[in-house]
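As given, the protein sequences belong to chains X and L, one line each in that order. If you read the first sequence in numbering that gives the first Met the number 0, its first letter stands for residue 0, the second for the next number, and so on. If you read the second sequence in numbering that gives the first Met the number 0, its first letter stands for residue 0, the second for the next number, and so on. Here a beta-carbon is modelled for each residue, glycine too, at the ideal position from N, C-alpha and C. Okay, so here's the structure we're looking at.
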Amino acid sequence: MHIKILGPGCANCATLERVTREAAGALGLDATFEKVTDYGAIAGYGVMRTPGLVVDEKLLMSGRVPTAATVKEMLAPLA
Amino acid sequence: MTVMERVHTATPMQRRAGLAVAAVAWWVLYAVNLPFWDWLLGDVAGLDLSTRLGSGIHFFLYDTTKILLLLTGIIFVVTVLRSFMSVERTRAILGGKRAGVGNVVAASLGVVTPFCSCSAVPAFIGFVAAGVPVGVTMSFLIASPLVNEVAIALLLGLFGWGPTLLYVAAGLVIAVVAGFVIGRLRPETWVEPFVFETTLGGEAVDPGYALTWNDRIQMGLEEVRDILKKIWPYLLVGIGIGAAIHGWAPERWFADHAGADNLLAVPLAVLLGVPLYSNAAGILPMVEALSDKGLPIGTLLAFMMATVALSLPETILLRRVLKPRLIAIFIAVVTVGIIAVGYLFNAVLPA
């Protein structure tokens, strides 16, 4: 599983990465993480409010920082 | 279990009960705020509330409590209501609009769409790449920070409905006119070319679509927590200065030196406001104290709008997508608009 965190490096993006790592760890997923900070690339995913969460090139969520529990619910069916 | 997890798993019954308890608790706290500090400082501590020190301390404690309550209540309600709107939906609405009507719609949506200035750049790219005209996009980007929920919350609590509606209306007019003027100047050549070359891939996920009520309430609580965490130092400093003005500043000094007859007062207020970025929360207690001292509302409104709308950090961010020429025009048009609003309100509503 390839997880991308979209965002220019704001506090929200760091938090999103932390909760996503937490969720992936709790599910025991084999995931690689990548940060996408380029605005053109971020907009390319259709994201207009950072941060955004992309898993295997599919945008799961954007515009807010979910709790680790919510991320877990989103990641579980994709495992 | 934390509060957030409890909200996340609440049944509809628990949710309704929780909201009802919170609303009653809020109302009781708001109602007893003034009598409580009168009683504690006046009767228990034996402070004379008519002295400068006494009234200053009383203003500080009473105002801090009041402003915290107002912010908590109004940010929560606004965030829950706004969760029904999204930037994606706004863009879809603006898609087919031309300049003129488009500017009006964009400015209104700027007020109701959940948005933070840190997303100004991706939103700009997303709008323009989807074919929304640059001038219409600018109306959205100007209205969004200018008509700010923290400012609305505080204006409503401190000055009542009249000035709050004036503030919202003035902000909308500035955003519509500024965006329209920018659109007439053929701004496309002053936008960094990569914006037009960006292809929008993927499906836009609409965050307003699949949310449950529990999600919305959770978002409201998160927003209250995040905003209070960000602004409390400014808030305390602002209320402190407000308390000092309240207790110590001579009664007529401000009115005599910066009243409506002093034509330089409005531009000066705008110039003072620009470096004081993002701190509507810190500015409003000062504005309240200055208003008590006879400063006209137009000058104060201009000061407040300059602090929230013309911010250095946001301008630096926008440089990623706009050429300096367009940034300069943007700043000039918004400044002129704010100054015009200041004069207008001073003429219509004398202190």
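Of all the CB atoms in chain X, is at least one closer than 7 angstroms to the CB of residue i?
i, result
"residue 124 of chain L", "yes"
"residue 193 of chain L", "yes"
"residue 314 of chain L", "no"
"residue 118 of chain L", "yes"
"residue 11 of chain L", "no"
"residue 121 of chain L", "yes"
"residue 207 of chain L", "The predicted position of residue 207 of chain L is uncertain, since its pLDDT is 49 and thus under 50; no value can be drawn from it."
Taking Cβ positions only, does residue i come closer than 7 angstroms to chain L?
i, result
"residue 47 of chain X", "yes"
"residue 39 of chain X", "yes"
Could you name the residues of chain L that residue i contacts, counting a contact when the two beta carbons are closer than 8 angstroms?
i, result
"residue 17 of chain X", "What residue 17 of chain X touches in chain L: nothing, since even the nearest Cβ is about 15 angstroms away."
Can you pull the chain X neighbours of residue i, defined as C-beta to C-beta under 9 angstroms?
i, result
"residue 87 of chain L", "45, 47, 48, 61 and 62"
"residue 3 of chain L", "66 and 68"
"residue 7 of chain L", "66, 68 and 69"
"residue 90 of chain L", "47"
DSSP three-state call for residue i: helix, strand or coil?
i, result
"residue 31 of chain X", "strand"
"residue 290 of chain L", "helix"
"residue 107 of chain L", "helix"
"residue 161 of chain L", "helix"
"residue 346 of chain L", "helix"
"residue 96 of chain L", "coil"
"residue 223 of chain L", "helix"
"residue 8 of chain X", "coil"
"residue 0 of chain X", "coil"
"residue 258 of chain L", "coil"
"residue 273 of chain L", "coil"
"residue 49 of chain L", "coil"
Starting from the beta carbon of residue i, find every residue of chain X whose beta carbon is closer than 8 angstroms, and list them in chain order.
i, result
"residue 128 of chain L", "42"
"residue 218 of chain L", "63"
"residue 114 of chain L", "48"
"residue 198 of chain L", "43"
"residue 319 of chain L", "38"
Against residue i, what residues of chain L qualify as contacts under a CB-to-CB distance less than 7 angstroms, listed in chain order?
i, result
"residue 24 of chain X", "Chain L residues near residue 24 of chain X: none, gap ~18 angstroms exceeds 7 angstroms."
"residue 8 of chain X", "By Cβ distance, chain L contributes nothing, its closest Cβ being about 10 angstroms from residue 8 of chain X, past 7 angstroms."
Which chain X residues sit within Cβ distance under 7 angstroms of residue i?
i, result
"residue 158 of chain L", "What residue 158 of chain L touches in chain X: nothing, since even the nearest Cβ is about 31 angstroms away."
Quick check on this structure: which residue in the options has the alpha carbon closest to the alpha carbon of residue i?
i, options, result
"residue 343 of chain L", "L:29, L:262, L:272 and L:287", "L:262"
"residue 319 of chain L", "L:114, L:51 and L:191", "L:191"
"residue 217 of chain L", "L:65, L:82 and L:305", "L:82"
"residue 139 of chain L", "L:122, L:129, L:128 and L:149", "L:122"
"residue 119 of chain L", "X:49, X:76, X:70 and X:75", "X:49"
"residue 210 of chain L", "L:246, L:80 and L:157", "L:80"
"residue 252 of chain L", "L:225, L:64 and L:293", "L:293"
"residue 130 of chain L", "L:108, L:164, L:113 and L:90", "L:90"
"residue 108 of chain L", "L:24, L:189 and L:92", "L:92"
"residue 310 of chain L", "L:273, L:248 and L:285", "L:273"
"residue 198 of chain L", "X:21, X:3 and X:43", "X:43"
"residue 90 of chain X", "X:60, X:46, X:29 and X:0", "There is no way to answer for residue 90 of chain X, as the model of chain X reaches only from 0 to 78."
"residue 374 of chain L", "L:124, L:306 and L:340", "Past the edges of chain L, shown from 0 to 350, lies residue 374 of chain L, and the structure says nothing about it."
"residue 29 of chain X", "X:7, X:52 and X:0", "X:0"
"residue 62 of chain X", "L:237, L:222 and L:284", "L:222"
"residue 146 of chain L", "L:347, L:324, L:315 and L:300", "L:300"
Along the chain, which unbroken stretches of the alpha helix (DSSP H) at least 4 residues long are found entirely within the segment 112-152 of chain L? 119-128 and 133-145
May I have a chain-ordered list of the alpha helix (DSSP H) segments no shorter than 4 residues that lie completely inside the segment 302-338 of chain L? 311-317
Of all the alpha helix (DSSP H) runs that stay within the bounds of the segment 21-69 of chain X, which reach a length of 4 or more residues? 38-43
Please specify which runs of the alpha helix (DSSP H), each continuous and at least 4 residues long, are wholly inside the segment 47-90 of chain L, giving them in chain order. 51-81
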